[in-house]
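Numbering (full-length UniProt numbering), first residue to last: 1 to 68.
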């Protein structure tokens, strides 16, 4: 069952915002959320990449766009 575009768009934006928050907090404030900087980097990368994939899915056309 395909996920609606609006849901993909909102979820992608939320995940990117969460990943950016974790990354900026670790870099700017100097305080990691999990007390292990590598784990914070892993979480930030995961959320940023997964959010980008959701945004990409939201931009993708719904059906076939041309002849194969």
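Note that beta-carbon positions come from the ideal geometry of N, C-alpha and C, so glycine has one too.
Could you check whether residue 17 and residue 51 sit closer than 9 Å to each other, using their CB atoms as the reference points? yes
Whole runs of the beta strand (DSSP E) within the stretch 18-54, excluding any shorter than 3 residues
none
- Task: Counting only the same chain and skipping the five closest in sequence on each side, list residues whose C-beta sits under 8 Å from that of residue 37.
- Result: 26
DSSP three-state call for residue 59: helix, strand or coil? helix
| said: Residues in the same chain with beta-carbon distance under 8 Å from residue 31, minus the five sequence neighbours each way, listed in chain order, please. | reply: 25
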